[in-house]
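Presented below is the structure to which this report refers.
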Amino acid sequence: MAAPSVLLRRRRTAEPGRGRPAPAGAGRRRPSRSEQLTGWGFVTPGVAIILLFGAVPIVWSAVMSFQRNNLLTGNTPFVGLRNYRLMLHDPVVAQAVEHTFVYTALFVPGTMIVGLFLAVAMNRKIRFISVYRTAAYATMAISTISEAIVFIWLFDPSYGVINYFLSLLGIPQQQFLNDPSQALYVIVAMTIWGWTGFSVVIYLAALQGVPQMLVDAAAVDGASKWTTFRRVTLPLLSPASLFLAVWLTINALQLFDEVYLSTQGGPLNATTVLVYYLYDQAFQNFNFGYASAIAYFLFLIILVVTAIQFRVGRRFTHYRS
Amino acid sequence: MRTHWLSLAAASCVVALGLAACGSDASNGGSGGGTSISIWEGWTGAEAKTFAHLVSVYQKQNPGTTISSLFVNNDNTLQKVLTAVRGGSPPDIAYLYGSWAPNVAQIPQVVNLTKVVQRPGVNWNDFWVGERDVATVNGRVIGIPALVDNLAVVYNKTLFAQAHLPVPTASWTWQQFVSDAAKLTNPAKKQFGTAYVTPGSEDTVWHWEVLLWEAGGQILKPGNKQAAFDSPAGLMALNTIRQMAVADHSMYLDPTDSAYANLFNSGKLGMLVTGPWDLSGFPNVQYGVQIMPSFPGTTGGHQTISGPDNWVIFNNGAAHTAAAEKFLLWLTAPAQVKYWSLHTGDLPTRHSVTTQGFLSAMNKALPGVDTFVTNLGNVHQARPQTATYPKVSQILGTMIVSVLLGKSQPQAALTSAAQQVNQALASSNG
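Here is the structure:
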C-alpha cells in the first residue's frame, strides 16, 4: 500500500529538526527561471484540474451555504447564517449526528480488530496462504451494490440465513432492517465485512515489518506469546493502527452508499446519517443551500475528530528509526 | 513567487478557455444549413433500440434536422440539467421525471408549451388526464408526456387456486383484498398474502395515496396550502394496510424496495400492488392482473395513481426550440406512440391508440399489460403540483412506515403528519 507509507513519511518530516528540507548542498544550484517555468508548465494541467474540480466546488458550496439556493432559478438570496441556525433546530440533523457517531464508534474499532485478528492469523507460512490472503482482500473488490444485496437477503426477517441460525439457537425472529433499533447495526456489520480486507492488508504489511530479532529477544527474556504480541508487536503496529483509525474514521463519517442501497435512511430515519441527509436535502428537496451548510458542518466534525486522533495517536504511536 | 502565480493563472485561463470553447462547440453542433438538436434520455434495452429507430425515421423525413441523443441515467438527469443550465448549455430536450415537474417549472430556460400543445393536430386531450395534470404546473404546460404507468394488483393464480379462493374481479373491494391476503398467508411455507415497500420514500407513499383517493380523501386542500389527508378517508386508508401488516401479519414489509419482486416471482406472495414495469420479472409464476379494489360506500370508486414522465424543452434560441417542438410533437403523435408501445411494452401515452386489436397485440407480448392500459382510465387525479411535495412525501412516508411497523396508532400518526405538513407548506410559502 502506498498510502500508509506516504503518511508515515509525512509524519516523520513533521518531527522537530527533520521538518526542513535539506539545505542546498555543494553541487546543487538554484533552478533557473526557465526551468521553473518548465516545471510549472508540467504541473499546470494537474493544478488547473484540481482547482477546477476541487477548489472551485469547495469555495462555491461555502458560498451556497449562506444562500437560499435551489439551483433551479437564478434567484439566490443571501440569508447569512440562516441555514446554520436551521440546522441547530432540525431534529433530523441531531438524529443524523448521533447515528453517524454511533456508526463510527462501532465500525472503526470493529474493522481494525477483525482485520488485525485475520492479519495475525495469516502472517505465517502455511499452505495456501496466498489463497487466504486473496480471499480476505476480495471483500474490497466486491462492488457495494452486490454487497448490499447479499446482506439484505442474509438479514431478511422471513427468508434470511441469519434468522435461521438464530432460530437454531432458540432466539426468536429478529426484524433487522425493519426494526429502527437494529437497522443501523446491520449497516455496521455490512460495512465491517466490506472494509475488513483493507485493514487486513495494512496490518499484514505492517506485521512483515516487525523485526524477528525483537520477537526472538522477547522470547529469550521469557515473555509469553501473548506478552510478546502485546508488548512488542502491537506497539510496532501503532503507525499502521493510527493510519487505519484516521482513514476509516473519515470514511465512516462519510457513510452513504450502503444506506442508500439498503434502507434509504429508514426505517423511520433510523439509518439516516449526515451524508445521506445532505443528499436528501440537496437532491430530493432541492435545498442546496441547506445541504451545503450540512456539508460544512460535517467537514468541521471530520476536521476536529481527525485532529484529536492525531494528537492522541501521537502519544501511542511508536516509529522505528 | 509572483511570476509563478502569474504563469499559473495564465495557464489555468488557457485551460479554462479551452474547455469552454470545447463546450460551446459541442453544444452548437454543425451550424451549416440545418438545425442540430440534442436530447438527453435514459432508454435502455428495447426502449433504446426503438428510440434510435424512431429518430432515424424522423431524420430521413427531415433531412435538415440532426438529432443527437445522449444517454443519461434518468435518476441523474435533473442534476445534470441543472449543471448544464448553469453552464449555459442545456440540452434542447431532456427526459425528466414527472415528480420533478413543480421544481423544473422554476428553471427560467424551460420552454412554455401551453400554446404548442393547443396547435391543430396535436389533440392534447388525447393524452391521459393524469399525464396532462403532471405536465402542467400552475396552468403552464412545461412538458409533453413521455412515459406513463399506474398501479394495479398482480396476483398469483396458483396460490389463489391452492387457497380455494376465486380470483379477484373488477368489482372487488379492499375488504376482499384484506381477507384474501389473510387466507393466502401461510407462515409454515413463509408465504405472505401481499407486500408493501417501506423505505419511507415516495414509493411507500404513492401506494397509500391510491387508497386515500379511493376512500374519498385528498392529500392537500385546494391551493396546496394545507393538509387534507387527516380525515376519515385517511384513517380508513391507513387502517386498511395496518390491518394486514400489524393484525393479520399477512403483509411482507420490504424496507429495501428490492426484495418484493423476487419474492412474488418465487411464489411467496399472493398479491402485489405494482406497475407494468415489474411484469417481465415474473416468468416463474402464473399471474393475473386486476384493477385496484375499491371502498364500497365512498365516492372514490376504483382509482389508481400514475407516475408519468415528461419531455421538457430548454431554450437554446428560437431555431432550436422550433426544431425541438416539431420533433417532440412528431414523436408523441399517435402513430409513433403506437409503434413505441408495441415494441417496448410501455403503456401508450395516448388514449386514442388503445383499440381492441392494439390491446391484444400488446398483451401477447406481455400478458396482463392490457389491464394496466385500461386502468389508465382510472387515473382521475395527480399528486399535488407543488415544489414542497418532496417534503410532504417524506412526512407521509414516515407516517405510513411508523403505522405499518406498529410504532404508532393511525389517528395519532395522521394528526402529527398533518401538523408537520402544514408547517412545511407554511414555511415554504412564507
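In order, the protein sequences belong to chains Z and U.
Okay, so the first sequence: first residue is 6 according to my numbering, each after it adds one.
Okay, so the second sequence: first residue is 276 according to my numbering, each after it adds one.
Even glycine gets a Cβ: it sits at the ideal position worked out from N, Cα and C.
Exercise for review: Please name the residue, chosen from VAL347/U, ALA593/U and LEU547/U, that lies closest to GLU316/U on a Cα-to-Cα basis.
Suggested key: Within the second sequence, residue 316/U is the residue found at index 41, counting from 1. The residue with the shortest Cα to Cα distance from GLU316/U is VAL347/U.
Practice item. Under 8 Å between beta-carbons, which chain U residues line up against ASP157/Z? List them in chain order, please. Key: One-based indexing of the first sequence puts residue 157/Z at position 152. The displayed chain sequence assigns Ile, not Asp, to residue 157/Z. THR531, SER533 and ALA534, listed in chain order.
Review point. Going by Cα to Cα distance, which pick from GLN451/U, ASN697/U and PRO583/U is closest to PRO551/U?
Key: By 1-based counting over the second sequence, the position of residue 551/U is 276. Residue PRO583/U is the option with its Cα nearest to PRO551/U.
Exercise for review: List the residues of chain Z whose Cβ lies closer than 9 Å to the Cβ of SER476/U, in chain order.
Suggested key: In the second sequence, counting from the first residue as 1, residue 476/U sits at position 201. In chain order: GLN269, GLY270, GLY271 and GLN289.
Exercise for review: May I ask you to verify whether the segment 188-195 of chain Z touches the segment 571-578 of chain U, counting CB pairs closer than 8 Å and requiring at least 3?
Suggested key: no
Check your understanding: In whole angstroms, what is the alpha-carbon distance linking GLN187/Z and VAL392/U?
Key -> Walking along the first sequence from the start, residue 187/Z turns up at place 182. Walking along the second sequence from the start, residue 392/U turns up at place 117. So the alpha carbons of these two residues sit roughly 52 Å apart.
Practice item. Output yes or no for whether 8 Å exceeds the beta carbon distance between LEU212/Z and VAL125/Z. Key: Translated into positions along the first sequence, residue 212/Z becomes position 207. Translated into positions along the first sequence, residue 125/Z becomes position 120. Cβ atoms of LEU212/Z and VAL125/Z: closer than 8 Å.
Check your understanding: Got a sec: is the Cβ-Cβ distance from PRO383/U to anything in chain Z below 8 Å?
Key -> The sequence position of residue 383/U within the second sequence is 108, counting from 1. Yes, contact with chain Z.
Check your understanding: Is ASN704/U buried or exposed, if buried means 16 or more other CB atoms sit within 10 Å of its CB?
Key -> The sequence position of residue 704/U within the second sequence is 429, counting from 1. Here the model assigns ASN704/U a pLDDT of 49, short of 50, so the residue's position is not dependable, and the following value carries that caveat. Looking at its Cβ environment, which holds fewer than 16 other Cβ atoms inside 10 Å, ASN704/U is exposed.
**Study point:** Cα-Cα separation between GLY202/Z and HIS524/U, rounded to whole angstroms
**Key:** Position 197 of the first sequence, counting from 1, holds the residue named residue 202/Z. Position 249 of the second sequence, counting from 1, holds the residue named residue 524/U. Distance between the alpha carbons of GLY202/Z and HIS524/U is about 40 Å.
Practice item. Under 8 Å by Cβ, that's how I've got TYR265/Z and TYR281/Z pegged, so tell me the actual separation to the nearest angstrom. Key: Within the first sequence, numbered from 1, the residue matching residue 265/Z stands at position 260. Within the first sequence, numbered from 1, the residue matching residue 281/Z stands at position 276. Indeed they touch by this definition, with Cβ atoms about 7 Å apart.
Point to revise | Under 7 Å by beta carbon: chain U residues contacting SER163/Z | key: The residue you call residue 163/Z lines up with position 158 of the first sequence. Within chain U, the residues near SER163/Z are LYS465 and TYR527.
Practice item. At 9 Å on the CB atoms, spell out the chain B contacts of THR78/Z, in chain order. Key: The chain inventory of the structure shown lacks chain B, comprising the protein chains Z and U.
Point to revise | Bridge-paired residues (DSSP) for MET546/U | key: If you number the second sequence from 1, residue 546/U lands on position 271. Beta-bridge pairing links MET546/U to TYR430/U.
Point to revise | Closer than 8 Å at the beta carbon, the chain Z residues around GLN354/U | key: The sequence position of residue 354/U within the second sequence is 79, counting from 1. Residues of chain Z passing the Cβ test: PHE288.
Check your understanding: Taking C-beta to C-beta, are ALA598/U and THR433/U nearer than 8 Å?
Key -> Along the second sequence, read from residue 1 onward, the residue named residue 598/U stands at position 323. Along the second sequence, read from residue 1 onward, the residue named residue 433/U stands at position 158. Going by C-beta atoms, ALA598/U is not nearer than 8 Å to THR433/U.
Point to revise | Residues that DSSP places opposite ILE147/Z in a beta bridge | key: As a working note, residue 147/Z is residue 142 in the first sequence. ILE147/Z pairs with nothing; no bridge assigned.
Practice item. Determine the chain U residues that contact ASN74/Z at a beta-carbon separation under 8 Å, and present them in chain order. Key: In the first sequence, counting from the first residue as 1, residue 74/Z sits at position 69. Those within 8 Å of ASN74/Z in chain U number zero; the least Cβ separation is about 11 Å.
Check your understanding: Taking DSSP as the reference, what is the three-state secondary structure of ILE157/Z?
Key -> Here residue 157/Z refers to the residue found at position 152 of the first sequence. In this structure, ILE157/Z counts as helix in the three-state DSSP scheme.
Exercise for review: With SER204/Z as the anchor, note down where its beta strand (DSSP E) starts and where it stops.
Suggested key: Walking along the first sequence from the start, residue 204/Z turns up at place 199. Note, SER204/Z: premise wrong, no beta strand (DSSP E); alpha helix (DSSP H) at 188-213.
Check your understanding: Quick one, which of SER344/U, ASN351/U and THR319/U has its alpha-carbon nearest ILE368/U's?
Key -> Position 93 of the second sequence, counting from 1, holds the residue named residue 368/U. With distances taken between Cα atoms, ILE368/U lies closest to SER344/U.
Check your understanding: Taking just the CA atoms, how far does LEU258/Z sit from ILE313/Z?
Key -> Your numbering for residue 313/Z matches position 308 in the first sequence. Your numbering for residue 258/Z matches position 253 in the first sequence. When rounded, the distance between both Cα atoms is 15 Å.
Point to revise | Straight-line gap, THR268/Z to LYS465/U (C-alpha atoms, nearest Å) | key: By 1-based counting over the first sequence, the position of residue 268/Z is 263. By 1-based counting over the second sequence, the position of residue 465/U is 190. Spanning the two alpha carbons is a distance of roughly 22 Å.
Check your understanding: ILE756/U bridges to which residues according to DSSP?
Key -> Within the shown structure, residues of chain U are numbered from 276 to 705, placing residue 756/U beyond reach of any answer.
Review point. In this structure, what does DSSP give as the bridge partners for VAL423/U?
Key: Locating residue 423/U in the second sequence gives position 148, counting from the first residue. Answer by DSSP bridge pairing: none, since VAL423/U is not bridged.
Review point. For chain Z, is any of its Cβ atoms less than 8 Å away from the one on SER364/U?
Key: As a position in the second sequence, residue 364/U is number 89, starting the count at 1. Not an interface residue.
Exercise for review: Could you tell me whether any Cβ in chain U is nearer than 8 Å to the Cβ of LEU182/Z?
Suggested key: Sequence index remark: in the first sequence, residue 182/Z carries index 177 (1-based). Interface residue, yes.
**Study point:** ASP455/U classed as buried or exposed, judged by whether at least 16 other C-beta atoms fall within 10 angstroms
**Key:** Translated into positions along the second sequence, residue 455/U becomes position 180. Buried.
Review point. Is MET92/Z buried or exposed, if buried means 16 or more other CB atoms sit within 10 Å of its CB?
Key: Within the first sequence, numbered from 1, the residue matching residue 92/Z stands at position 87. Label assigned to MET92/Z: buried.
Exercise for review: With a floor of 3 residues, list each beta strand (DSSP E) that falls wholly inside the segment 223-294 of chain Z, ordered by position along the chain.
Suggested key: none
Practice item. Identify the contact partners of LEU680/U in chain Z, using a Cβ-Cβ distance below 9 Å as the criterion. Key: One-based indexing of the second sequence puts residue 680/U at position 405. Residues of chain Z passing the Cβ test: GLN180, ASN183, ASP184, PRO185, PRO272 and LEU273.
**Study point:** Euclidean distance between Cα positions of LEU182/Z and THR515/U
**Key:** Within the first sequence, numbered from 1, the residue matching residue 182/Z stands at position 177. Within the second sequence, numbered from 1, the residue matching residue 515/U stands at position 240. Going from the Cα of LEU182/Z to the Cα of THR515/U covers about 23 Å.
Practice item. Determine the burial state of MET511/U: buried for a count of at least 16 other Cβ atoms within 10 Å of its Cβ, exposed for fewer. Key: The sequence position of residue 511/U within the second sequence is 236, counting from 1. Buried is the call here.
Review point. Among the residues of its own chain, which have a CB less than 6 Å from the CB of TYR273/U, if the five just before and after it don't count?
Key: Because chain U is modelled from 276 through 705, residue 273/U falls outside the range shown and cannot be assessed.
**Study point:** is_contact[SER343/U, chain Z] using C-beta, thresh 8 Å
**Key:** Locating residue 343/U in the second sequence gives position 68, where the first residue counts as 1. By this cut-off, SER343/U is not an interface position.
Review point. Got a sec? Which residues, its chain only, sit under 6 Å from LEU242/Z by beta carbon, not counting five neighbours each side?
Key: Counting from 1 along the first sequence, the entry for residue 242/Z is found at position 237. Around LEU242/Z: ALA211.
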